[in-house]
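Residue numbers (the UniProt record's numbering): 1 to 599. Note that the Cβ used here is the ideal one computed from N, Cα and C, for glycine as well. What follows is a short report on a single structure.
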């Protein structure tokens, strides 16, 4: 066997040579770092010992949940190993860890490669330099250009709205250019593939267009716009992890999709309308992306006229019209419907000390949303929302009204009212990213909760109805009076019945002890993504100690090199106990500040 340095590194050596060349094989890797060349590195498989000559800089998703999928890091490549980019030009590593993200990696890498072959896409699609994987460690990486100006969401927050007609013209010219990239995506190959009819071609759908996935770059061309240079930018589409493609015979041909993008920006037809439809995947056209981009354009319009504050308010209140195929109200990025800013104290208030909430969250967890009171009294129609939603969706004699239909009904008939449900979008995302998520329900059954039992039962049924799909082996129901024992429930109906039949006990709830027992059980059989929903009035005897239990749990996750968001706590407050509210706000702030996520 003849080999020289050009063959290095040797992935393996003959067994008979291992004794004599074993040390050489082990030491060779330090002399064979990966070369980042101008030639496309496409899904190259690397040995686990292969050295990457890079310096990792800051994370570009520092507050993202594990449910958000891949991590994104700014990276600098050593000049001696880089002919791929200009000197001192950082790039982005989009890192897909775990077998659960392999499909997303394959889809995104393939889509970027196809778009690279479309000249019309070069100026409005993020530049893709290549992709490679370490199969032994289930780690896969896509190399992309670094957006020095961040995303469109960052642009909203950092830039000032246009003042002059020239600035507005520059802004909208750059925004409308995104349509070129969208066209390239929807028409991946205009030339027919051999063996196919001449009118058949491949079309793809992005499926997740939103401000976070639109990157901002300064124009490479020399600016001639003087003081308007802040708007002399180029927007580019990115993040094709949910993109799907199919062979179609005409423009806007139908494609069956498997993935679900962000519900805030998705077209109505992308989601089922009736329960039976949830068993089948929607069949949509590329027009679904046009809907999503139009939603983004509407935000840009509001921002350009009224500024960031008004854009944010617009996002919280927007409920676009829905079609008969899929009526779905606008849902926040945390999976909640938003409206106004207050709530009657008798209804649940959610306070969530997420360790790493989505960086694009429109409001800190713990803010409430409800109609403003009139003359010191909350409007009586708010009671209708909870009652009617509950009755229409879950009463035994109901006609099976879907949750989508109910949301649509309330957006049209009762647009001034709302209920806040805990982080539904996160639960749905985690199902895909983590193959399920355990759901734990903790009910405060001490005597101070007596006035709210009926509301607790109804709210728990609503929440468990949606979240149960994440827990394939059933939800665990605990009562605060004995938090060492749990009941297993597979339906929201039995959850409600158990809460209605629970016994109230005297004294104050020892929430510290409850959470200690539950987290101990969670860690006992290994670490698995878990959501803990706590229904309480926050009248506790050990309020100051509760945060310590959560912090210790988070520290344990960090020590095990797990994402802190693997364990999520959601507190839903009933009543209007002032000390309880202060306690939850403090808990919310402390647990988030520890991880730098207070907004």
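A distance of 9 Å or more separates the beta carbons of residue 243 and residue 306. When only Cα atoms are considered, residue 158 and residue 267 end up about 29 Å apart.
The criterion of a C-beta distance shorter than 9 Å is satisfied by residue 514 and residue 442. Contact annotation, residue 118 with residue 128: C-beta distance approximately 12 Å; criterion of less than 8 Å not satisfied.
The shortest C-alpha to C-alpha distance from residue 567 to any of 530, 543 and 583 is the one to 530.
Between residue 162 and residue 304 the beta-carbon gap is near 6 Å, inside 8 Å, which marks them as a contact.
The DSSP-derived three-state label of residue 117 is coil. The C-alpha of residue 240 lies about 18 Å from the C-alpha of residue 177. The count of Cβ pairs closer than 8 Å, one atom from the stretch 442-460 and one from the stretch 477-484, reaches three, so the stretches are in contact.
For residue 292, the uninterrupted alpha helix (DSSP H) segment begins and ends at 287-306. At a Cβ-Cβ threshold of 9 Å, residue 43 and residue 133 count as neighbours. A check of alpha carbon separations from residue 460 across 496, 486 and 439 identifies 496 as the nearest. Under DSSP, residue 151 shares a beta bridge with 215. Residue 148 sits away from residue 214, with the two beta carbons spaced by 9 Å or more. Secondary structure in the stretch 51-138: the alpha helix (DSSP H) runs of 4 residues or longer, each lying completely within the stretch, are 102-116 in chain order. For residue 548 and residue 560, the gap between their C-alpha atoms comes out near 18 Å. For the 9 Å CB-CB criterion, residue 97 and residue 139 form a contact. Residue 30 and residue 36 have their C-alpha atoms spaced approximately 16 Å apart. Within the model, the alpha-carbon separation for residue 89 versus residue 104 is close to 27 Å. Contact between residue 575 and residue 537 holds: their C-beta atoms lie close to 4 Å from each other, under 8 Å. Annotation: residue 489 is outside any alpha helix (DSSP H); the continuous beta strand (DSSP E) that includes it extends over 482-489. Taking 9 Å as the cut-off, the beta carbon of residue 92 is found no closer than this to the beta carbon of residue 152. Separation of residue 539 and residue 508 (C-alpha to C-alpha, rounded to the nearest whole angstrom) is 7 Å. For residue 219, the closest of 582, 154 and 233 by C-alpha to C-alpha distance is 233.
Judged by beta-carbon spacing, residue 130 lies beyond the 9 Å limit of residue 72, meaning their Cβ atoms are not closer than that value. Residue pairing by DSSP leaves residue 502 without any beta bridge partner.
Residue 300 sits buried, since 16 or more C-beta atoms from the chains shown fall within 10 Å of its C-beta. Its Cα nearest to that of residue 143, the residue 70 stands out among 155, 184, 70 and 80. Per DSSP, the beta-bridge partners of residue 540 are 509.
The residue among 81, 466 and 145 with its C-alpha nearest the C-alpha of residue 125 is 145. Rounded to the nearest angstrom, the Cβ distance from residue 292 to residue 265 is 4 Å, consistent with a contact under 8 Å. Looking at the backbone, the Cα of residue 237 and that of residue 155 are separated by about 14 Å.
In this structure, residue 511 and residue 542 form a Cβ contact; the two beta carbons are roughly 6 Å apart against a cut-off of 8 Å.
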